[in-house]
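Just so you know, the sequences run in chain order A and B.
Under my numbering, think of the first position of the first sequence as 1006, with each following residue one higher.
Under my numbering, think of the first position of the second sequence as 105, with each following residue one higher.
What follows is a set of notes on a single structure, which appears directly below.
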Amino acid sequence: MTTTQKPESGTHLPAPQAINGGEAVAYAMRQIDPEVVAAYPITPQTFIIEKFSEYVADGLVNSEYINVESEHAAMSACVGATAAGGRSQTATSGPGLALMYEMLWVASGMRLPIVMHLCSRSFSAPLNILCDHSDVMGMRESSWPMLIGSSPQEAYDQAVVMPTIAEHADVKLPVANVLDGFTVTHSVERVEVLPDEIAKEFVGEYEPEIWALQPGSTATFGTLDANDFYYEHKRQQVEAMNNALEVVRTQLNAIGEITGRPMNLVEGYLLDDAEVALVVLGSSEGMVRAAVDKARADGIKAGMLRIRLFRPFPVADVRKALDGIGAVGVLDRAIAFGTPGNGLLQDIATTTRSMSDRPLLMDFVYGLGGRATPKQLFRQAIDHVIEMNETRVEPDEPAYLGLK
Amino acid sequence: MDKRLPIEVRWHGRGGQGVVTASRILASAALKGGYYLQSLPDFGAERSGAPIAAYTRISETPPIDRGPVYEPDAVIVLDASLIGQVDVEAGLVPDGAMIVNTADPKSASLRRLKLLPEQQLWTVDASQIAVALIKRNIPNTPILGAFARSVPVLDIDTMSHALEELMSETFPPHIVEANLEALQLGHDRAQQMNVEVGTNV
């Protein structure tokens, strides 16, 4: 449990930085100074690793930086480093995450508190380097707690808090800090940073209870586990994921106390008296808020819910936030081909099914492969949701916003 | 409240002209000026010589739009040959400013510009200044000077400090000095033209 105090007034605070989301994450990584950073460069994650390599070259960190031959190797290196008792981090995007897929499960199954910064990007083909959440959805069941920010500031704040979630005694799982490719990674904005000593104190030293190279009591990780105890180990992972939810809440509160920038598992906007609402992940939040403002000006009682903690899904918080709302539009930035509903819709539908007066749901696909997400798009979505609220008929098929 | 804010700027140029860097210097200057800011490249693949766009937003509240600028208050064109090829005028607000790098304000390229009567047209020979001082045709810093002159949200000193700080991280002092001089010259030599191109205001 961290007890870092808010900087006292008069404490010298670093000047706000004009940096992009990638550089903001690298700034936090410099402060955390993990023993090992292993990564393979890929757009739009590029800024994180470029900037961090500079820190290594300039001697500003003690980290061992391993420029590996693939993302599979990057995660393998992190697995090895963390099993050996060190802190490790990596960063990747879309196709890089896909190549890492096998090792995502190895990292979580071995209960290694690795931190990954995922700069969300579409999957090929056709070749596309821009943002959508195909990669986010691709790892959602791999037992990694996942936080999705909406701005370079949040990318930084979350980056500082991630190790404290991963390493918590009740969790011990790898964690992902998700920032939208380009819209956050490449957006230069004003970012308030913590003094190095405050960030370091908050994150603390990594003190694993068991590690592979521990003198006197060496341990083995990732051994053969056939039909004797594999099932029980997976059940333990369920416990760890369940525990992660309250740990995330506590740690977000703790960092929010220090920064003065509160962060919650879910972020609501004008939900109290809302009749309809949109649910969103990530950096489109701003334009959804703008669409809600426009709808309010048009006399529609609209609201917004952004899910920050995507895994473990904050069921109780979402139920509370959507209580009393008649109809909800769910914004999915990835297609789950052939399923009865896209990723976020599945989560919201499962979450709300037991509510006594559950909201009607409809799904919207938007922003695939970096397609523009102006506020008009979400204003249209609100109109569709209003219509559903009146007819009380839930469509089986999603609507495709902004499709040519 | 500053009535001139928020302001949205769209940059047009070609890969290699320093479009993204210029947008970033402007954003850093905005931070120095005490404002919220945003600078982002248009998300295409960057190739030398290809048309490039970037966006800068300056405001008194945190930005919420992380998409392209559709209705710019100012458009900056680093390569006049883009006029007519790229819709540089698109969405420019009715009293907005168009700032063009050109050696010849009466050129055929400039005559292709379609501006409204209340819009402002500013020109500067940023390439000439860059070649003379920086020894390379990277017209981004002189045109930033022209921007400071034509859209007086940030003064030239604030711009100068931001440029110096940002460039000093990567460039030797004589290059930083040349760019600071180019910024000032771009400011001094910017001239407002009649939107009926070719006549001075």
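Note that beta-carbon positions come from the ideal geometry of N, C-alpha and C, so glycine has one too.
Source: prediction; values computed, not measured.
- Task: Could you please give me the residues that DSSP links to B:Ile162 through a beta bridge?
- Result: B:Ile111 and B:Leu141
- CB contact flag (A:Met1105, A:Glu1076, <8 Å): yes
- Message: Taking 7 Å as the limit between beta carbons, can you name the residues of its chain near A:Ser1147, skipping five residues before and five after?
- Response: Leu1109, Trp1110 and Ser1113
- Is the CB-CB distance between B:Ala266 and B:Ile129 below 8 Å? yes
- Query: Between which two residues does the alpha helix (DSSP H) harbouring B:Thr262 extend?
  - Reply: Ile260 to Ser272
- If I'm right that A:Met1268 touches A:Pro1379 with Cβ under 8 Å, what's the distance once you round it to whole angstroms? Incorrect: roughly 26 Å between the Cβ atoms, too far for contact.
- Bridge partners of A:Asn1025, per DSSP? A:Val1193
- Query: Helix, strand or coil: how does DSSP classify A:Thr1228 here?
  - Reply: coil
- Task: Per DSSP, which residues does B:Ala201 bridge with? Please list them.
- Result: B:Ala178 and B:Gln224
- Message: Using 8 Å for Cβ pairs, my map puts A:Val1165 next to A:Val1208. What's the rounded Cβ distance?
- Response: 7 Å
- Message: What ranges does the alpha helix (DSSP H) occupy inside the region 1304–1376 of chain A, keeping only unbroken runs of at least 4 residues that lie completely in it?
- Response: 1320–1327 and 1348–1357
- Item | Burial state of A:Glu1290 (16 or more Cβ within 10 Å) | buried
- Query: Should A:Met1360 go down as buried or exposed, given a rule of 16 or more other Cβ atoms within 10 Å for buried?
  - Reply: exposed
- Item | Beta-carbon neighbours of A:Ala1160, restricted to chain B and to distances below 7 Å | Per Cβ cutoff of 7 Å: no residues; A:Ala1160 is ~12 Å from chain B at best.
- Message: With a threshold of 8 Å between beta carbons, is B:Leu267 in contact with chain A?
- Response: no
- DSSP three-state call for B:Ala294: helix, strand or coil? coil
- Would you list the residues sitting across from A:Thr1097 in a DSSP beta bridge? A:Leu1123
- Item | Residue nearest to A:Lys1325 in terms of C-alpha spacing, selected from A:Leu1336, A:His1122, A:Glu1251 and A:Thr1357 | A:Thr1357
- Contact check, B:Ala184 vs B:Phe251 under 8 Å by CB: the rounded distance? With a Cβ gap of about 16 Å, B:Ala184 and B:Phe251 do not count as contacting.
- Task: With 7 Å as the limit, tell me which residues of the region 1290–1324 of chain A have their beta carbon closer than that to any beta carbon of chain B; keep them in chain order.
- Result: Gly1291, Met1292, Arg1294 and Ala1295
- Opposite B:Pro155 in the DSSP bridges: which residues? B:Arg118
- Is the region 1252–1267 of chain A touching the region 1340–1352 of chain A in the sense that three or more CB pairs, one from each, lie closer than 8 Å? no
- Which bits of chain B does A:Phe1187 rub up against, with CB to CB less than 9 Å? Leu144, Pro145, Phe147 and Arg170
- Query: What separation, rounded to the nearest whole angstrom, lies between the Cα atoms of B:Leu217 and B:Ser127?
  - Reply: 22 Å
- Task: Give the DSSP-derived three-state secondary structure of B:Asp229 in the structure shown.
- Result: coil
- Identify the residues that DSSP records as bridge partners of B:Ile187: which are they? B:Val190
- Measuring only between beta-carbons, confirm whether B:Ser272 sits less than 8 Å from chain A. no
- Query: Residues in the region 1192–1203 of chain A with C-beta within 9 Å of chain B's C-beta atoms, listed in sequence order?
  - Reply: Ser1192, Val1193, Glu1194 and Arg1195
- Query: What alpha helix (DSSP H) runs, 4 residues minimum, are completely inside the region 1196–1257 of chain A?
  - Reply: 1201–1208
- Message: Less than 6 Å between C-beta atoms, sequence neighbours within five positions excluded: which residues of the same chain meet that for A:Gly1375?
- Response: Leu1135 and Cys1136
- Message: Taking 8 Å as the cut-off, does the region 1162–1180 of chain A touch the region 1297–1307 of chain A (at least 3 CB pairs, one atom from each stretch)?
- Response: no
- Query: Does A:Ser1288 have its Cβ less than 8 Å from a Cβ in chain B?
  - Reply: yes
- Query: When the distance is taken between beta carbons, is B:Pro176 closer than 8 Å to B:Gly137?
  - Reply: no
- Message: Between B:Arg128 and chain A, is any beta-carbon pair separated by less than 8 Å?
- Response: yes
- Task: Could you spell out the range, first to last residue, of the beta strand (DSSP E) harbouring A:Leu1283?
- Result: Val1281 to Val1285
- Item | Beta-carbon gap between A:Val1190 and A:Phe1052 smaller than 8 Å | For clarity, residue 1190 of chain A is Thr in the given sequence; the question names Val instead. The answer is yes: Cβ separation under 8 Å.
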